[in-house]
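Those protein sequences? They're chains A and B, same order as listed.
Sequential numbering of the first sequence, starting at 1, is according to UniProt numbering.
Sequential numbering of the second sequence, starting at 1, is according to UniProt numbering.
Below is one structure, written out as structure tokens; the observations come after it.
Protein chains: 2
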Amino acid sequence: MRTEIKPIRPDRTLLRQAVTDRIKTYIIDNRLKPGDPLPTEAELCEALNASRSSLREAIKTLAALDIVEVRHGSGTFVGRLSLSALVESLTFRGLLSPEDDLRALLDLVEVRQLFEEGMAAQIIERLDGEHLADLEQATAELEQCPPGSAAQVEADRKFHQLLMQPLGNQLISQLTGAFWDVHAIVAPYLGMSSPAEDADTVAAHRAMVEAARGRDADAFAAAVVAHYAPVRRRIAAAGRA
Amino acid sequence: MRTEIKPIRPDRTLLRQAVTDRIKTYIIDNRLKPGDPLPTEAELCEALNASRSSLREAIKTLAALDIVEVRHGSGTFVGRLSLSALVESLTFRGLLSPEDDLRALLDLVEVRQLFEEGMAAQIIERLDGEHLADLEQATAELEQCPPGSAAQVEADRKFHQLLMQPLGNQLISQLTGAFWDVHAIVAPYLGMSSPAEDADTVAAHRAMVEAARGRDADAFAAAVVAHYAPVRRRIAAAGRA
DNA sequence: CAAGATTTGTGCGTATGTATC
DNA sequence: AGATACATACGCACAAATCTT
């Protein structure tokens with residue numbers, strides 16, 4: 001067949017892995033930002049000396065991490081760098097074993113509480129009037145929205161998101177959103193609507209806002225504990241059932 | 001060309017997405033655990049009515065989330081469900097913009113501190129003699145290992161991992177490990193070895209162990225703050241340079 | 001609105017490298 | 001060492017979505 005020397009790839013690594021790395025470095029080296037377009041598949045194939053199959057498989061792994069975003073018929077773009085991969089990982093784990101799923105949900109609630117309770121002092125310290133007004137509005141929305149509506153769950157998410165905003169820590173904000181998402185996805189599967197017991201939730205949110213207005217970090221932390229207490233109770237109740 | 005009615009796929013979703021979902025539900029429905037083998041590509045192709053291309057791309061996205069693990073020449077297995085995807089996402093983001101990378105690292109340090117400081121009380125409460133001995137050994141290893149060695153950084157990781165172990169919260173433990181990994185990967189790129197300034201680190205670890213032995217949650221929290229203070233200082237110094 | 005061009009999605013066949021028995 | 005099973009990689013053709021003219 002081949003009369004000449006076989007062009008054995010000297011790489012010890014998998015071609016797909018090499019391609020993913022080169023695409024990542026391409027994005028970094030060219031200072032691309034989320035939404036910026038990447039070269040077409042054909043161009044990348046030529047540039048990286050890879051077949052279209054290998055290139056596409058590499059792109060799929062990057063898409064799973066939200067490092068790139070592929071739009072059918074349009075092109076490939078730099079992704080939003082969200083924590084969607086974390087959400088998918090945790091939701092899958094939460095649904096994996098029907099015995100440990102309650103444990104996983106409890107672990108998640110503990111982490112959510114850790115964030116808000118542990119950052120209570122700094123939240124109070126950095127909160128200003130505008131943020132306080134936003135929190136009040138989110139609470140009002142939560143109360144007024146029809147129970148079980150999409151607007152209601154969105155108001156709950158916005159509230160917890162707003163809590164972390166004054167910290168100016170993007171990682172904390174994104175993790176908070178990701179954990180909320182996982183909770184909202186997993187909880188219904190276990191027979192409990194996450195922002196259920198609306199009265200409890202609204203009261204807890206109000207207590208947090210009041211504590212924040214009074215610049216009382218201890219009261220705020222206590223309100224956070226009170227907010228998650230009924231959630232934990234419901235999980236425990238589901239475990240006994 | 002086609003005399004018969006076109007076999008339009010009623011699905012509005014992409015085939016690839018449908019395949020990933022069906023593989024996930026396959027794992028869940030069959031109660032598979034990490035390490036369990038999955039059907040071969042050929043079998044999955046037939047079972048899911050998909051071509052190898054689509055199936056492989058679907059598997060690559062699942063592999064990126066550590067939901068499945070592919071071993072060349074051997075087969076496909078259920079993944080370890082680690083948070084490797086989170087590590088990859090955060091490391092990429094940390095290296096993305098040379099201006100905000102210091103900010104991203106600072107955000108990360110803040111989260112790491114939040115975990116250990118926020119859980120101080122519960123760590124103290126649930127710690128027993130055995131855990132205390134493990135922590136002391138990890139500290140001793142950290143001190144004795146040659147500076148800059150792989151054993152040294154591993155001792156540091158083990159210490160922070162052990163801290164969270166008594167909580168019995170797998171999510172917290174895995175997140176702690178993931179954040180440590182990101183820190184260890186990103187920090188060197190910014191010109192600072194993560195577990196550098198060995199004296200500071202060892203002293204801080206010792207202070208934490210002592211506080212834990214004395215069941216003094218406040219002292220423990222203070223030691224955590226003292227542990228990350230020099231790290232923050234170094235990041236700030238790198239920002240001024 | 002229409003038609004063509006561009007780009008990603010899907011399918012298939014074949015050859016090769018790798019792990020396992 | 002050989003044989004078998006399996007994943008990896010390549011190339012091409014066509015379908016579907018999107019964009020442009």
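Note that the Cβ used here is the ideal one computed from N, Cα and C, for glycine as well.
It should be emphasised that the depicted structure is a prediction, and the values quoted were computed from it without experimental measurement.
Between residue 200(A) and residue 230(A), the C-beta gap is smaller than 8 angstroms, which places the two residues in contact.
Contact annotation: residue 184(B) and residue 153(B) have beta-carbon atoms nearer than 8 angstroms. Listed as beta-bridge partners of residue 71(A) by DSSP are 75(A). Assignment of residue 188(A) by DSSP, reduced to helix, strand and coil, places it in the helix class. Between the beta-carbon of residue 57(A) and that of residue 16(A) there is about 5 angstroms, and that keeps the pair under the 8 angstroms contact cut. Classified as exposed, residue 74(A) has fewer than 16 neighbouring CB atoms from the shown chains inside 10 Å of its CB. With a threshold of 8 angstroms between beta carbons, residue 110(B) makes contact with chain A. When Cβ-Cβ separations below 8 angstroms define contact, residue 226(A) makes no contact with chain B.
Of all residues in the stretch 15-38 of chain B, those with a C-beta nearer than 7 angstroms to a C-beta of chain A are 24, 28, reading in chain order. The three-state reading of DSSP puts residue 37(B) in strand, counting E and B together. Counting every other CB atom within 10 Å of its CB across the protein chains shown gives residue 98(A) a total below 16, marking it as exposed. Around the beta carbon of residue 144(A), fewer than 16 other beta carbons sit within 10 angstroms, so the residue counts as exposed. For residue 95(B), the neighbours in chain A by C-beta distance under 8 angstroms run, in chain order, 28.
Look at residue 119(A) here: in three-state DSSP terms it is coil, with no helix or strand label. Between residue 118(B) and chain A, the shortest Cβ-Cβ separation is below 8 angstroms.
Taking C-beta separations shorter than 7 angstroms and ignoring five residues to either side along the sequence, the partners of residue 207(A) in its chain run 223, 226, following chain order. Three or more pairs of CB atoms, one per stretch, sit closer than 8 angstroms, so the stretch 107-120 of chain B contacts the stretch 106-122 of chain A. Residue 117(A) places its beta carbon 8 angstroms or farther from that of residue 163(A). Contact of residue 56(A) with chain B is assigned, a C-beta pair being separated by under 8 angstroms. In the structure shown, the three-state DSSP call for residue 173(B) is helix. Interface with chain B (8 angstroms Cβ-Cβ cutoff): residue 92(A) is included. Only 169, 170, 171, 172 from the stretch 143-173 of chain B bring a Cβ to less than 7 angstroms from some Cβ of chain A. Its Cα nearest to that of residue 215(B), the residue 127(B) stands out among 51(B), 127(B), 84(B). Per the coordinates, the alpha-carbon of residue 60(B) lies some 18 angstroms from the alpha-carbon of residue 13(B). The Cβ of residue 76(A) sits no closer than 8 angstroms to any Cβ of chain B. In the displayed model, residue 232(A) falls within a helix according to three-state DSSP. Within the same chain, and ignoring the five residues on either side of residue 159(B) in sequence, the residues whose Cβ sits closer than 8 angstroms to its Cβ are 135, 138, 139, 142, 205.
The continuous alpha helix (DSSP H) containing residue 155(B) extends over residues 150-164. Taken through DSSP and simplified to helix, strand or coil, residue 97(A) comes out as coil.
Apart from the 5 residues on each side of it in sequence, residue 220(A) sits with its Cβ closer than 8 angstroms to the Cβ of 120, 123, 124, 208, 211, 212 in its chain, given in chain order. With a contact defined as Cβ atoms closer than 8 angstroms, residue 53(A) and residue 53(B) qualify at about 6 angstroms. In this structure, 187(B) is the residue among 203(B), 187(B), 217(B), 232(B) with its C-alpha nearest to the C-alpha of residue 94(B). Between residue 77(A) and residue 36(A), the C-beta gap is smaller than 8 angstroms, which places the two residues in contact.
Along the stretch 45-70 of chain A, the positions whose C-beta sits under 9 angstroms from a C-beta of chain B are 53, 56, 57, 58, 59, 60, 61, 62, 63, 64, 65, 66, 67, read in chain order.
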